[in-house]
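If you want my numbering, it's the position in the sequence shown, counting the first as 1, plus 61.
Even for Gly, the Cβ is constructed at its ideal location relative to N, Cα and C.
First the structure, in the form of structure tokens, and then the observations on it.
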Amino acid sequence: MYTPVSSRAANAYRQVGVQSGVDGANPHQLIQMLFDGLLQSLNEARGAMQRGEMDAKGRLIGKSVRILEEGLKGALNPAQGGEIAVNLRALYEYCVTRLTLANLRNDVAPLEEVVALIEPVAQSWAAIGGSANAGGSGPSAKVGG
Numbered sequence: 062m063y064t065p066v067s068s069r070a071a072n073a074y075r076q077v078g079v080q081s082g083v084d085g086a087n088p089h090q091l092i093q094m095l096f097d098g099l100l101q102s103l104n105e106a107r108g109a110m111q112r113g114e115m116d117a118k119g120r121l122i123g124k125s126v127r128i129l130e131e132g133l134k135g136a137l138n139p140a141q142g143g144e145i146a147v148n149l150r151a152l153y154e155y156c157v158t159r160l161t162l163a164n165l166r167n168d169v170a171p172l173e174e175v176v177a178l179i180e181p182v183a184q185s186w187a188a189i190g191g192s193a194n195a196g197g198s199g200p201s202a203k204v205g206g
């Protein structure tokens, strides 16, 4: 059974504990919220790591991994998104690996690498917002993240 991108993204977004605006958001907006939540968690994890707050660091990196796995990666649809979706899946998997390393080694460098990799994707996603919202069949419907 096929689950629409909007349903998968909304469910994933709810599962990672983000509470605002999900019910009224379109698929593109849901993915944007996931990117925003991911970057916020990564930046907070970096701060926690720098302050030596290990519990907070672990919790925030865990949240970031869940957003990547359950949200962004879970919303991909390779059948519709083709090569772009396949490439994004590989990027998200790489980011999860780097975040796991950052957490295990208490090393900020892999975390910063993930931020540097995700920021341009998030900015590109935001830039295509107008075209994705116009006809309902834009990139969000094909790629989903």
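A buried status is given to alanine 163, since no fewer than 16 other beta-carbon atoms sit within 10 Å of its beta-carbon. The Cβ neighbour count for glutamate 144, taken over all protein chains shown within 10 Å, is under 16; the residue is labelled exposed.
Sequence-distant partners of glutamate 174 (beyond 5 residues in either direction) whose C-beta falls short of 6 Å from its own C-beta, in its chain, are Arg159. Secondary structure at asparagine 138: coil, using DSSP grouped into helix, strand and coil. With respect to the 8 Å criterion, leucine 178 and leucine 152 are classified as neighbours on the basis of their beta carbons. Shown here, glutamate 114 sits in coil according to DSSP, grouped into three states, outside any helix or strand. Between valine 157 and arginine 107, the C-beta gap is not smaller than 8 Å, which leaves the two residues out of contact.
Relative to isoleucine 122, the option among Leu133, Ala136, Lys134, Ser102 whose CA is nearest is Ser102. Here the C-alpha atom of glycine 113 lies approximately 11 Å from the C-alpha atom of glycine 119. For aspartate 97, the three-state secondary structure derived from DSSP is helix. Just so you know, the alpha carbons of isoleucine 92 and arginine 166 end up roughly 30 Å apart. Glycine 98 counts as buried, since no fewer than 16 other beta carbons sit within 10 angstroms of its beta carbon.
Annotation: alanine 188 to valine 126 spans about 24 Å, alpha carbon to alpha carbon. At least 8 Å separates the beta-carbon of glutamate 180 from that of leucine 95.
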